[in-house]
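Here this note's numbering = 1-based position in the sequence shown + 139.
Ideal Cβ placement from N, Cα and C applies to all residues, glycine included.
Below is one structure, written out as structure tokens; the observations come after it.
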Amino acid sequence: MSPVVFLSSSLIFAGTGIFLFSRAFPFDKYFKKASFLQQRRVERFSSQLEDIFYIPSSKLI
């Protein structure tokens, strides 16, 4: 497995882990505005990751 594939997959796994962790706990009850902005930032970042890694990963399979 090439280092690039390993790095990209580990980044995606870390992003989904952070996203699931933040969804599991109701932080928005306490930090509604901040968590909303953070969620938007995470969604934007994850969509950028998908745009970057979608084509290479589909070519590998």
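Less than 8 angstroms separating the beta-carbons of residue i and residue j?
i: Ser185; j: Gly154; result: yes
i: Val181; j: Phe158; result: yes
With DSSP collapsed to three states, give me the class of residue i.
i: Ser148; result: helix
i: Ser141; result: coil
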